[in-house]
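Peer 1: Pasting a structure here, questions to come.
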Amino acid sequence: MSHTATSTAQSRSPLADSSVPESPEFTALERILGEDNIATSHREIDRLAMAHDASHYLLVPQGIVHPTTPEDVAAVMSSASKAGLPVTFRSGGTSLSGQSVAGGVMVDTRRAFRSIEVLDGGARVRVQPGATVASVNAALRGHGRKLGPDPASSSACTIGGVVANNSSGMSCGTEFNTYRTLESMVFVLPSGTMIDTSEPDADRRLRELEPELHEGLLRLRRRVMDNPASQRIIKHQFSMKNTMGYGVNALVDFDSPVEILEHLLIGSEGTLGFVASATFRTLEIRSAASTGLMVFPDLLSATSTVPALVDAGMATVELLDATSIAVAQRSGRVADALSSIDVDQQAALLVEFEGNSEDEIAERQGQARSLLDNLPLAAPFSMTKDRGQRNLLWAARNNLYAAVAGNRPTGTNALLEDVVVPVDILGETCRSLGKLFTQHGYSDSVIFGHAKDGNIHFMLNEQFAEPSQVDRYQSFTDDMVSLILGNDGSLKAEHGTGRIMAPYVRRQYGDELYEVMQEIKRLVDPATVLNPGVLLNDDPDSYVQNLKVAETVEEEVDRCVECGYCEPVCPSRDLTLTPRERIVIRREIKAAETRGDHELTEKLRRDWDYAGEQTCAVDGMCATRCPVDINTGDLIRRLRSEDQNPAAATGWKVAAHGWGAANTAAGYGLRAAKRLPWPVPTAVTDAARGLAGDDVVPRYNPDLPSGGQRRAPRRDPEASFVFFPACVNAMFGAVDSEGNATMDGATSSLMTVAHRAGLRWATPEGIGSMCCGTPWKSKGFTSGYQVMSDRVLDALWDATRGGELPVVCDASSCTEGLETMKEKVRDAATVGPVTAEDGQVRDFSKIHFVDAVEFVADRVLPRLTIARKLDTLVLHPTCSLTHMGLQPQLEALGRAVAEECEVPLSWACCGYAGDRGMLHPELTAAATRAEAEEVNRRSFDAYASTNRTCEQGMTEATGRPYQNIVQLVEWASR
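Counting with this note's numbering, you get residues 124 to 1097 for the letters of the sequence shown.
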C-alpha cells in the first residue's frame, strides 16, 4: 500500500522529510515560554531521543518543553493552542500503544513531577505524575502498604501513565485498578482551568469556571442513562479489564460532573487534560505467599480450570502456552517445576496464594486441597514457599517478553499486544489466536497473561521496512479484531487504546457510544490540542502510519526494544540522555548516514560527544533493569576506545607502567592543593581544562580531600586472606564523622578490625603500582588496561598461592573491577589457562575476590565486640555493591553500628564514576539531586558508603562527610 510505504520510509528519519522541518511555530512558542522561564529545546538530538517510546511508532516532536509546575503546564497548553500546536505529555515512555509519541509539542512531565506524600500512615498516598510505581511502593513499604495497580513495568512506568492508561496488572483485576483506587486528583484542562477534586467545592468551581463543560457532562450522563442499550454495553465492557476508548462507565457510576470528569481523565491517555497529582487509596501488603506451576495437557484444559481456581482464593493465575514454556526453558536458570516439562502441546498456570501469615496460607491450601488433587494435570504439582524457587517461577513469567524480544531478528520490532475476553471462552480464543499466528506466518509467537481476568498478551516480531510485511500485519490485525469482538471481548485490556486500536473504538462500542466519546473530547478539548490521533481516530489505516524501523547498529545494543526500563536508574537521566535514548540516537545516526543526510549526521555526532559519551557514567546500572541484558556502558566504553585520543592513550599506558609514581604524585598533589587557598588550584585546573578539554582534565573543588596514605606490601605465611588495598584510598585521604582528615580510612580500618578478629593477611609485593584497571577500562584505554591486568593478576596468583586464599578489597568498585579483570582474561584465554614465561600454568578463574563489606559482615563482625553505637546513620549503596548483590551485608553492618540505619528511598548511582564527577561535576549534581534532598531533610550522626569516590560524590552533593562503613565498624568496636 502506497501510504504505508511512505509512512514507513518517513519513520526511518522523520527529521529528514520535508514534512518535519524546524518549526517556526515552536520557535515562537519558545520565546513566549522563555518569558516565564520554562525550559525548552528544539535540538535534533533531543527531539529524536523523545521520538521513540516502547511502542512500534515513531513521531518526531517539533520541540520539547520542561515545565516545573502545574501552572507551567497550563501556560504551555494555552500558548500551544494559540500557536496551533498539538501537545503530548511524556513521562516514563513505557507505553506500548503509541500514546506517548507525537509530532507536536512534547511536554516532559518526568523530571520535575516526582513528589510522593504518604498520608494517614500509608492508607493513602498523594503522587505527582513523574514518580514511578516502584518508587511509590518503596515509600509505602515501611507502612505495610502498596498501590493497587501492579503493572509489570512498575520499575519504570510512572503515575502519569498509570492514570492515563487506567493501569492494572497481574493481581489487581478490575477491583483495584486505577479507576477503583483513585480517591482524588488535581487536573489542568486545556483551557488552563485547574481543579482539585478533593476540595468540597470542586464541582461548584468546575461549574463556575467551565459552565459549558459542566452542563455538557450532565447532558451526556442523561443521554447514556436514558439508553438501555448503551447501559448494557457499558456494563459488559467494564465488567472486564478494558482500556478501549474513554471510560464512559464514569457517566453511569457518578452523578456530579466533577466526579465524572475526574474518572473520564483516568484512561484518557493525555487527550483531555494534565493530571498534576493523584491521591490513591492503598492496599495492605500480604506478608506470606505460596506459588506453584500447574501443567495441563493443552490450553483448553488449563483455561477451563481458571474459574474454579479463582473461587478457591488464588490471588494470581497466570497463563503460559506451550511456546511460552519452551521459551522460558531456554532463558537460563529456571525453577524445577518448569525445567522438567517435556514440551509438546501443554499449557501452564502459574498460581499463587497470598496471606498475612504462614498459617493463613496453609489454611487456604487445605481448603483447596480437594480441587488441587483432582485437576487434569500433565505433571506432578506442588506449591512452594521457598523464595528462591518462587522468584525463579515469577522470573520465567516476567521475562517472557524479554526472552522473545531479545532473540528476535535484527531490524524487527517486537509487538506486545493485549486483549481480554470472558473467562469461559478464554481457551477457545487462545486456540483460535494460535491458528491466526500460523495462518499469517508468525512463528514463535507466545501467548501468556492474566488468566483469571481473561486477559492475555501475545507477541509478534515484525519487519515494517517491507511493505509486504505491513500488509501481513494489517491482515492479521483485521482477523484478530474480528476474533476478539466476535467473542464479546475488548481489544485493549491494560495497555491503552493509543494509536494502535484507535480506529477500532467505534466497532467495539457502536455508533452511539462512539459519538458520546467524540462529544466528551469536543467538550473538554474543543481545539483538539491534546494528543490528536490517539484513542479516537476515524482514519482506518492510522494504526499503520508512522511505524518504527529498528536500525541494525551495534551488537551490544541491537537487542534493545526501547522499553525504557533502564531510565530510572541512569545517572544522566536528568542531564543529557538515558541508556534507551543513547541507543535511539545511535540508530538515528546510522539512519541519517544511510540516507546520505550529512547535515543531520554531523549535528547528531557533534551533540552526541557530550550527551552520549562524556556524561555516561558507564556504571552498568542500566543492565540491572534491562529485560534483554544490555549494558549500555559496554557500548560507550567501546566507542571511547575507538575514538580515543592517541596522545591520551599513550599517556595512560605510560601511567599504567608507572602507576606507583602516578598514584603517589596524585596524593601529593591533593595534599599540596589543600594547603593553598582553594581558588588557586581551581583556577589552574580550569585553565588546563580550557586547553585540553573538560573530558581530559579533572576540575579541582574545595570539597576534595587531602591525599591518602601510601600502600605497603605485607608478608605473612600464616595469612588467611590476601588484602588488596585500593589505590583510590591511597590517592584520596579519608575523613572522620566531622569531615576532618584522618589516617583511619578504609584501608587502615580494615586491617584494624581484621586484627581484632584474630585474622591474618598478606598484601602483594608491588602493591603500590597496582590498580583494579577501572580507570583504563571506563575510558576505553585498552593497551593500558592490559598492562595493568597482566601485572595485577600475576601478582595475585602468587600472593593467593594459586587461588587458595581469597582476595579482599576495601573499595566496592575496585572489587568489581578486579572481578571483571579476571573475567576478561579468562574469556580471552580460549585455549585454556594462561602459561606464564616461567612455564607455570595460571588459571586466574580460581582467584576469588571478596568485597570488604561482605568480608567484614560475614567473617569479621561475628568476632568483634561492638562497644558503642551511633544513634542514626544513613547509607549510600553504590552501583558496584548492587551489581555484586551486597546491599543486605551493607545494611547489616549499618545496623551493627547504629541504632537507626536508613537507606534513602531515592538512592541511586552518584555518577562520580572514578574521576567522571571531577570531569563533569554537573553529572554528579544531577544524579544525586533527589537523594541529597532526602538526606538533608534531617541530620544523622554519620554518613557512610563503600567506595572513596562515591563517598566524595555524596559529600559534594549533600555537604555532609561520608565515610567508609568499615571506618564505623572500627570505631564501634574500639
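Here a beta-carbon is modelled for each residue, glycine too, at the ideal position from N, C-alpha and C.
Please read these numbers as outputs of a predicted model, since none were measured by experiment.
1. So, helix, strand or coil for residue 1086, using DSSP?
2. State the start and end residues of the unbroken beta strand (DSSP E) segment that holds residue 400.
3. Would DSSP call residue 672 helix, strand or coil?
4. Expressed to the nearest angstrom, what Euclidean distance is found between the alpha-carbon atoms of residue 327 and residue 381?
5. Apply the 10 Å Cβ neighbour rule to residue 644 and answer buried if 16 or more other Cβ atoms are within range, or exposed otherwise.
6. Quick one: give me the first and last residue of the beta strand (DSSP E) that residue 823 is part of.
7. Using only CA atoms, which one of 876, 433 and 341 lies nearest to residue 296?
8. Would you identify the three-state DSSP class for residue 954, choosing helix, strand or coil?
9. Are the CB atoms of residue 700 and residue 743 nearer to each other than 8 Å?
10. Can you tell me the Cα-Cα spacing of residue 824 and residue 801, whole angstroms?
11. How far does the beta strand (DSSP E) with residue 995 in it extend, from its first residue to its last?
12. Quick one, are the C-beta atoms of residue 460 and residue 495 less than 8 Å apart?
13. Under the assumption that residue 447 contacts residue 361 (Cβ atoms under 8 Å), give the Cβ distance between them as a whole number of angstroms.
14. Identify whether residue 615 lies in helix, strand or coil by the three-state DSSP scheme.
15. Can residue 323 and residue 652 be called in contact, C-beta distance under 8 Å?
16. Enumerate, from N- to C-terminal direction, the unbroken alpha helix (DSSP H) stretches of 4 or more residues contained entirely within the region 181-218.
17. Give the DSSP-derived three-state secondary structure of residue 884 in the structure shown.
18. So the candidates are 520, 807 and 576; which of them puts its Cα closest to the Cα of residue 298?
19. Output needed for residue 262: all residues of its chain with C-beta closer than 6 Å, excluding positions within five of it in sequence on either side, in chain order.
20. With a threshold of 7 Å on Cβ separation, who are the neighbours of residue 779 within its own chain once the five nearest residues in sequence on each side are excluded?
21. What does DSSP give as the partner residue(s) for residue 439 in the beta ladder?
22. Based on DSSP bridge pairs, tell me the residues matched to residue 844.
23. Kindly indicate the opening and closing residues of the beta strand (DSSP E) around residue 415.
24. Is the beta carbon of residue 994 less than 8 Å from the beta carbon of residue 1021?
25. Cβ atoms of residue 368 and residue 666: under 8 Å apart, would you say?
26. Going by Cα to Cα distance, which pick from 829, 559 and 835 is closest to residue 783?
27. Roughly how many whole angstroms lie between the Cα atoms of residue 725 and residue 998?
28. Go to residue 852, then tell me how far its alpha helix (DSSP H) extends in each direction, as first and last residue.
29. Can you check whether the CB of residue 617 is closer than 8 Å to the CB of residue 578?
30. Could you pull the start and end residues of the beta strand (DSSP E) that residue 1116 belongs to?
31. Sort 973, 851 and 150 by Cα distance to residue 1035 and report the nearest one.
32. Enumerate in chain order the residues of its own chain whose CB-to-CB distance from residue 551 is below 6 Å, with the five nearest sequence positions on each side excluded.
33. Quick test of your reading: residue 426 and residue 549, contact by CB under 8 Å. State the CB separation rounded to the nearest angstrom.
34. What does DSSP give as the partner residue(s) for residue 231 in the beta ladder?
35. Since residue 572 sits in a beta bridge, which residues does DSSP pair it with?
36. Where DSSP assigns a beta bridge to residue 86, which residues make up the other side?
Peer 2: If we stick to the structure as given:
1. It is a strand residue.
2. First-last of the beta strand (DSSP E) with residue 400: 397-404.
3. Coil at residue 672, not helix or strand.
4. For residue 327 and residue 381, the distance between alpha carbons rounds to 9 Å.
5. Per the 10 Å Cβ criterion, buried.
6. DSSP places residue 823 outside any beta strand (DSSP E), giving it a letter other than H or E.
7. Residue 433 is the option with its Cα nearest to residue 296.
8. With a pLDDT of 46 at residue 954, under the threshold of 50, the modelled position of this residue cannot be trusted; read the value that follows with caution. Secondary structure at residue 954: coil, using DSSP grouped into helix, strand and coil.
9. One thing to note: residue 700 has its Cβ no nearer than 8 Å to the Cβ of residue 743.
10. Using only the alpha carbons, I get a separation of about 7 Å.
11. 993-998 is the span of the beta strand (DSSP E), which, as asked, contains residue 995.
12. Cβ atoms of residue 460 and residue 495: not closer than 8 Å.
13. The Cβ separation is near 28 Å, so there is no contact.
14. Reduced to three states, the DSSP call for residue 615 is coil.
15. Their beta carbons are not under 8 Å apart, which means residue 323 does not touch residue 652 by this criterion.
16. Qualifying alpha helix (DSSP H) stretches, in chain order: 193-206.
17. Residue 884: strand per DSSP, three-state reduction.
18. Minimum Cα distance to residue 298 is reached at 576.
19. Apart from sequence neighbours up to five positions away, the residues of its chain that approach residue 262 with a beta-carbon distance below 6 Å are 239, 241 and 1028, ordered along the chain.
20. Excluding five sequence positions before and after residue 779, the CB atoms of its chain that fall closer than 7 Å to its own CB belong to 899, 907, 910 and 911, given in chain order.
21. In the DSSP output, where bridge partners are listed per residue, residue 439 has 475.
22. Bridge partners of residue 844 according to DSSP: 884.
23. Element bounds for residue 415: 411-419.
24. Going by C-beta atoms, residue 994 is nearer than 8 Å to residue 1021.
25. It is not a contact, given that the beta carbons lie outside the stated cut-off.
26. With distances taken between Cα atoms, residue 783 lies closest to 835.
27. A straight line joining the alpha-carbon of residue 725 with that of residue 998 spans about 44 Å.
28. Looking at the DSSP string, the run of the alpha helix (DSSP H) that includes residue 852 is 850-854.
29. Yes; because the gap between Cβ atoms is below 8 Å, this pair is in contact.
30. With the chain covering 124 to 1097 only, the question about residue 1116 has no answer from this structure.
31. The shortest Cα separation from residue 1035 among 973, 851 and 150 belongs to 851.
32. Around residue 551: no qualifying Cβ.
33. Beta-carbon to beta-carbon, residue 426 and residue 549 are separated by about 4 Å, close enough to satisfy the 8 Å threshold.
34. Partner(s): 213.
35. For residue 572, the pairing in a beta bridge is given by DSSP as 442 and 579.
36. The displayed coordinates of the chain run from 124 to 1097. Any statement about residue 86 would go beyond what the structure contains.
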